[in-house]
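Undergrad:
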Amino acid sequence: MIPTAEAFGVPLGLMAENQIEKVTSMKQSNQLTEQACIAYHLFASFVWLTVSFGD
Numbered sequence: 001m002i003p004t005a006e007a008f009g010v011p012l013g014l015m016a017e018n019q020i021e022k023v024t025s026m027k028q029s030n031q032l033t034e035q036a037c038i039a040y041h042l043f044a045s046f047v048w049l050t051v052s053f054g055d
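Residue numbers (the UniProt record's numbering): 1 to 55.
1. Only counting the same chain, and skipping five residues up and downstream in sequence, which positions put a Cβ closer than 6 Å to that of Q31?
2. Can you give the Cα-Cα distance for T24 and I38, rounded to whole angstroms?
3. Return the CA-CA distance between S45 and A16, expressed in angstroms with no decimal places.
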């Protein structure tokens, strides 16, 4: 029974490491999405201001 307990711990350790990578990747993806949205809204606001008050 003891070797079975040791083997059971290895997949859990590998799974946890894989999950950390997935979480990190998801956070980076969310940050890029948020930054893209902010940049788009700033650009759209600039264009709207230019068109509205440019003349």
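Even glycine gets a Cβ: it sits at the ideal position worked out from N, Cα and C.
Computed from a predicted model, the values in this text were never measured in an experiment.
TA: Let me lay it out:
1. Taken in chain order, the list of residues that qualify is empty.
2. Spanning the two alpha carbons is a distance of roughly 21 Å.
3. When the Cα atoms are used, S45 and A16 turn out to be separated by approximately 43 Å.
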